[in-house]
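To start, the structure itself, in structure tokens.
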Amino acid sequence: MKPPMHSRCVACSEPIPSPRAGKKYCSTKCGYRYYAAPDRFLERFGRTCERCGAAIDDNERICKRFCTTSCQVMHNQDVRRMRRRGLPMERISRAEIFERDGMVCHLCVMPIIGKPTIDHIIPIATPGSPGHVWENVAAAHSTCNSSKRNRVQPEDWVLYAELRLRRSDGERRRASAA
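When we follow the working numbering, the leftmost residue of the sequence shown carries the number 10, and every step to the right adds one.
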């Protein structure tokens, strides 16, 4: 696939003198200025892994989304599994979920110390599963998550419904604020 063709500079919006595929800036100076802009700083530094939430080294590529190859492989396996089952899969920040749940295991209701895991409240293997979406994931101890396996308790559906309502309320508040 060919890179997109820009007719205007991404940094200053001036016309590009000789536009061609892949060229984004009108000059080298403009390219450096755009790269060093403060709003682009967070794209390069202070990034976290999309799978485990670990910090990504500042020396890594800007577009790097995972801290290690194993995190990337596990993510790709998850995506394939969701596609095979025809289920939706949202980009979910593990750190965001841990913050939402206050680092408390939703299964045993004890604080999580050490490495937390993400549990699908309604397991992916369950018929009628909503998939890998924000309202269907919660923080859990790895032992609690493993012992739960693919069982669904009635209170799991209640928790899923509560998180779904909380999410729709948050979306409504954001829409009214805009």
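Note that beta-carbon positions come from the ideal geometry of N, C-alpha and C, so glycine has one too.
Quick check on this structure: which residue in the options has the alpha carbon closest to the alpha carbon of residue i?
| i | options | result |
| --- | --- | --- |
| V113 | V19, V142, C153, R42 | C153 |
| F75 | R92, L96, R100, R93 | R100 |
| A104 | R90, Q81, K124 | K124 |
| N159 | T78, S138, A170, D110 | S138 |
| I122 | G31, S151, Y169, T135 | S151 |
| R109 | Q81, A148, C18, V82 | A148 |
| H115 | R176, E171, S79 | E171 |
In chain order, what residues of the same chain have a beta carbon less than 7 Å from the beta carbon of residue i, not counting five sequence neighbours either side?
| i | result |
| --- | --- |
| K73 | I65 |
| R42 | A20 |
| R56 | I65 |
| M83 | R60 |
| R176 | W143, E144 |
| Y34 | C18, V19, A20, G40, Y43 |
Count the other CB atoms within 10 Å of the CB of residue i; is the residue buried (16 or more) or exposed (fewer)?
| i | result |
| --- | --- |
| D67 | exposed |
| R60 | buried |
| C117 | exposed |
| A30 | exposed |
Would you kindly report the start and end of the unbroken beta strand (DSSP E) that includes residue i?
| i | result |
| --- | --- |
| A149 | 146-149 |
| I131 | Note, I131: premise wrong, no beta strand (DSSP E); not H, not E. |
If you follow the alpha helix (DSSP H) that residue i is part of, which residue opens it and which one closes it?
| i | result |
| --- | --- |
| H115 | Note, H115: premise wrong, no alpha helix (DSSP H); not H, not E. |
| Q162 | Here Q162 belongs to no alpha helix (DSSP H), and DSSP marks it neither H nor E. |
| G40 | 37-44 |
| R92 | 78-94 |
What separation, rounded to the nearest whole angstrom, lies between the Cα atoms of residue i and residue j?
| i | j | result |
| --- | --- | --- |
| P6 | V146 | The first residue shown for the chain is 10 and the last is 187, placing residue 6 beyond what the model contains. |
| G111 | L174 | 18 Å |
| N85 | S27 | 39 Å |
| G62 | T135 | 27 Å |
| E69 | G40 | 19 Å |
| I25 | I127 | 47 Å |
| S22 | C58 | 32 Å |
| I106 | S36 | 42 Å |
| R93 | S156 | 25 Å |
| T78 | R17 | 36 Å |
Once the 5 residues before and after residue i are set aside, which same chain residues still bring their CB inside 8 Å of it?
| i | result |
| --- | --- |
| H141 | D87, M91, L96, P97, M98, E99, I101, H129, I133 |
| I131 | G137, S138, P139, N145, V161, D165, W166, Y169 |
Taking only heavy atoms of the ligand SAH into account, decide whether any of them is closer than 8 Å to the Cβ of residue i.
| i | result |
| --- | --- |
| L96 | No copy of the ligand SAH occurs in the structure displayed, which carries no ligand at all. |
Might you give, ordered along the chain, the residues of its own chain that have their beta carbon closer than 6 Å to the beta carbon of residue i, omitting 5 neighbours on each side?
| i | result |
| --- | --- |
| C7 | In the structure as shown, the chain begins at 10 and stops at 187. Residue 7 is therefore absent and cannot be evaluated. |
| R89 | none |
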